[in-house]
Amino acid sequence: MRLNTNIAISDSGFIFNPATGDSFSTNNVGLEIIRLLKEEKKKEVIIKNVREKFLIDEATLDKDLVDFLMMLRNYQLLKEDE
Amino acid sequence: MSKRKITVAVTGLNNIDSPGPGIPVIRALKESKLFGVRIVGLSYETLEPGLYMHDLVDKSYSIPLPSSGVASMLERLGYINSQENIDVLIPNFDAELQNFIKIETQLKKEMGIATFLPSLEQFESRHKSVLYEFGLRNKVKVPRSRMIFTVAEINALHKEFTYPLMVKGKFYDAFVAATPEQAVGYFYKISAKWGLPIIIQQFVSGNEVNVTALGDGAGKCIGAVPMRKLYITDKGKAWAGITLEDDELLKITNRVIHNSKWRGGCELEFIKSNAGEYYLLEMNPRFPAWVYLAVGCGQNHPEALVCMALGKKVKAFKTYNSRKMFVRYSFDQVVNLSEFEKISTLGEL
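Here is the structure:
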């Protein structure tokens, strides 16, 4: 999975998709996940990196990450590798 | 570099909740790097807000409605030109274009007024009533559509279309009808305002995306900027919009302009279906009211059109800034009654 090309992400958590004109806001955790997705990190690496920065147990993060990724797909921000 | 001084006459001063493109076109021309532009506003009604925008419109004249024919228009323009010495005229209403196309040669030869309009054939080829055939010729998908002339024809539509469907006027207005009863209501509503025929078009679910574009009449697309509406009024007009980066949409636009050899400004209205396919819903034969967004992101289409009208060669724009939005606003002008009196009685202001 990887972020669609040209997705703009600001430090404030503002996300802009120039292909659709959609914009979104996310919190620090979401911003960290999106940064890692932009670096094409795998799910396991994302979980590890997020847990190093935020106080959260692995099971909860795993479940929330699945939800978050699904939301990114629905908003056409994320696509699966072909 | 000193700018060449020119006088440009512009219609479409109705900067209302369903705005004409006149004021955005004037703003674009006032920001021209090539021309120092004096604007002559041409109005059909005495309450068109542009009449009273003296910082943008230098002088205004009322002109006869398109329904009064080309002879009275020519006579009126003859008088206005004798006062103003117009270099270029930019009509901005669909409903008046046919008349201006018919008198294009006379305007140039007899009055020295240049225009840059599509041919009558081009103008008629993209009418809503024949858009499906236009799509076939220009290799762009168009939802199935047909013209109807009587309300009785609505009963048989289910054989050809599935509900919901679009009910459209020949020039303006479009409504989604979920049932035959709603279609009947919209038929009466639109035909009372714009006449017949009424266009029935298959509804396509997806996101609406629009492109403002300019063709040189020889197949080259001089400029194109795609936009998505972010805030839509109850009249379906964009109150806010954002430019898009969409190579496929630009490719389709270039193809349509190239194949049709479109001459002048235009607006292409598409639906991007949920499957990612583009369907052309309408091709408007003039700049859209949001054309100033194109200026704001680096493509001054009205200025380029004036250049071509004056016989200059224009290079195609290659890029635009895609991270620009427009947000429209309303503004109350306080006007002296004497101004309203002047335009109402003398026909000029």
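Listed in order, the protein sequences are those of chains A and B. First residue of the first sequence? That's 44 in this note's numbering, and the numbers climb one at a time after it. First residue of the second sequence? That's 128 in this note's numbering, and the numbers climb one at a time after it. Here a beta-carbon is modelled for each residue, glycine too, at the ideal position from N, C-alpha and C. Predicted model, so just to flag it, every value in this text is computed and none were measured.
Query	Result
Within chain B, the residues that A/Asn49 reaches when beta carbons sit closer than 9 Å	Glu372 and Ser449
Distance between beta carbons of B/Met354 and B/Leu371, contact taken as under 8 Å	7 Å
Reduced DSSP secondary structure (H/G/I, E/B, other) of B/Met354	strand
Partner residues on chain A for B/Ile359, Cβ-Cβ distance less than 9 Å	Those do not exist, as B/Ile359 stays about 13 Å from chain A at its closest Cβ, beyond 9 Å.
Buried versus exposed call for B/Ser252 [16 or more other C-beta atoms within 10 Å across all chains shown]	buried
Chain A within 8 Å of B/Arg455, Cβ atoms only	no
Same chain only: Cβ atoms within 7 Å of B/Tyr164, ignoring 5 sequence neighbours per side	Reading the sequence as shown, one finds Val at residue 164 of chain B and not Tyr. Ile133, Val135, Leu156 and Lys157.
Any chain B beta carbon closer than 8 Å to A/Gly56	no
Beta-ladder partner(s) of B/Asn334, from DSSP	B/Lys399
Assigned exposure category for A/Arg45 - 16 Cβ within 10 Å defines buried	exposed
Selected residue, minimal CA-CA separation from B/Glu172, among B/Glu280, B/Arg154, B/Pro193 and B/Asp185	B/Pro193
Spatial neighbours of B/Phe227 in its chain, beta-carbon cut-off 7 Å, leaving aside the 5 residues before and after	Pro218, Thr242 and Leu244
Check whether B/Trp389 and B/Gly342 have beta carbons under 8 Å apart	yes
Contact with chain A by B/Arg382, beta-carbon distance below 8 Å	no
Extent of the continuous alpha helix (DSSP H) run through B/Tyr315	Pro307 to Trp321
Whole-angstrom distance between A/Lys91 and A/Lys84, CA atom to CA atom	11 Å
Local Cβ density within 10 Å of B/Ile240, reported as buried at 16 or more and exposed below that	buried
Option in B/Thr446, B/Leu204, B/Phe261 and B/Asp300 with minimal Cα separation from B/Glu231	B/Leu204
Interface flag, B/Ile213 vs chain A, CB-CB below 8 Å	no
CB contact check: B/Ile369 to chain A, cutoff 8 Å	yes
Within chain A, the residues that B/Arg355 reaches when beta carbons sit closer than 8 Å	Thr63 and Gly64
With 16 other Cβ atoms within 10 Å as the buried cut-off, status of B/Glu223	buried
Touching by the beta-carbon criterion (3+ pairs, under 8 Å), the segment 357 to 366 of chain B and the segment 436 to 447 of chain B	no
The segment 145 to 154 of chain B / the segment 404 to 418 of chain B touching (three or more Cβ pairs under 8 Å)	yes
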